[in-house]
Amino acid sequence: MATYCIGDIHGCHDEFVKLLHLINFDESKDELILTGDLIGRGPLPVETMQEIFKLGKCVTSVLGNHDLNFLAVHFGISKPRAKDNLEVILNSPLRERIVDFMLHCPLLYIHDSKQLVVTHAGIYPLWDIKRAKKEAKEISKILKDPIQRLVLLRNMYNDQPDIYNPAIDGLARWRFGLNAFTRMRLVYQDCTLDYKNSAVNPDLVAKDGLIPWFKLSQPMFYKKRPYKLVFGHWAALNAKCDEIDIRALDTGCIWGDRLSAWRFDDDKFFSVKSVGYAQI
Ligand SMILES: [Mn+2]
């Protein structure tokens, strides 16, 4: 039995199917964890979700920022943008099933027996695993509540607070958690989140000394317990992450690059080429 992770599919159904074929995925034996952003921008979101549903219980996904945006659109909180290609889901008989699936996706997935952790954007560098678990659980509880979820989704499009403060409670705290789990890329040395930049040079430094979040996370997260961490979200990084226990999996399929899988058991990567959606 093998455990695979697949990066951000973004509605790229054909590449997803090809990749499952390439890794010889067997839903009766293997397990699959997706890094979120299952839909959004890509050409075939409904078919992608159908494929995921077909896999049944062997598949899990964490929530990505595009998945959250779809939820906000579904609940009438934000308007669908043409470039996100969500209308086709809104008009699909699978709409409610897709919404229900996403409302039950965690922000943080922990595979206990394999010591594997998966999130869309990463783990905020000031958090250890225990803190991350607590924050994720609290937000998932809000998303399952029919009233509270609307308040959260209505107030999630905001960059503040941009640094963790345990003294802050309620909406601002949940929003920070959502942003950290689903939108984080570069941070300042004091772990303030930056949302404007995503480009890094070969030494993984951006302008103003911004650095990838994972450059600051090692000491707290890994020394005591040897977790492996997998994340997506950051296509511009192009899987360039040289940390021993962290794997980056968004290889920009939606931007015309490739869709990638990683096998936990032997640390192997697999990719299929995008058929080219960069113009969308
Ligand atoms: Mn994303």
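Position one of the sequence shown corresponds to residue 36 (the numbering used here), numbered consecutively onward.
Note that the Cβ used here is the ideal one computed from N, Cα and C, for glycine as well.
Bear in mind that the values here come from a model prediction, so they are computed numbers and not experimental data.
Any non-hydrogen atom of ligand 1 closer than 7 Å to residue i Cβ
i	result
G99	yes
D72	yes
D135	no
H146	no
D43	yes
H139	no
H268	yes
H155	yes
Endpoints, the beta strand (DSSP E) within which residue i is located
i	result
I68	E66 to L69
A283	I281 to A283
K263	K263 to F266
L151	L151 to T154
Residue span of the alpha helix (DSSP H) that contains residue i, given as start and end
i	result
T83	P80 to L90
K143	The question names Lys, but residue 143 in the sequence shown is Leu. L143 -> not in any alpha helix (DSSP H); beta strand (DSSP E) instead, spanning L143 to H146.
T217	L206 to T217
K165	I164 to K179
V52	H48 to L57
R184	Q183 to R189
V123	E122 to L125
Alpha-carbon to alpha-carbon, residue j and residue i
i	j	result
N200	L221	18 Å
I58	V153	19 Å
D225	W162	13 Å
M255	Q150	For M255, the predicted model reports a pLDDT of 48, less than 50, meaning its position is unreliable; a value from the coordinates is still stated below. Each residue's Cα considered, the two are about 16 Å apart.
E278	A156	15 Å
K118	I145	33 Å
L228	D102	21 Å
S233	M219	10 Å
V240	I246	5 Å
G205	D280	32 Å
A167	I158	7 Å
A107	L188	6 Å
T217	P141	11 Å
D147	I164	12 Å
F51	Y262	27 Å
M84	G311	20 Å
S30	G99	No statement about residue 30 is possible, as the shown extent of the chain runs from 36 to 315 and does not include it.
K231	V97	23 Å
M36	T95	16 Å
D197	E66	35 Å
P115	D292	25 Å
L143	A171	6 Å
F305	K275	15 Å
K250	W269	14 Å
R208	K169	12 Å
T286	F299	17 Å
DSSP bridge partner residues for residue i (one or two, in chain order)
i	result
I41	L69 and A296
V134	The partner list for V134 (beta bridge, DSSP) is empty, contrary to what the question assumes.
T95	I68
V235	Answer is none; V235 lacks a bridge partner.
T227	Answer is none; T227 lacks a bridge partner.
K303	R298
L103	None; L103 has no bridge partner.
V10	There is no way to answer for residue 10, as the model of the chain reaches only from 36 to 315.
K308	R293
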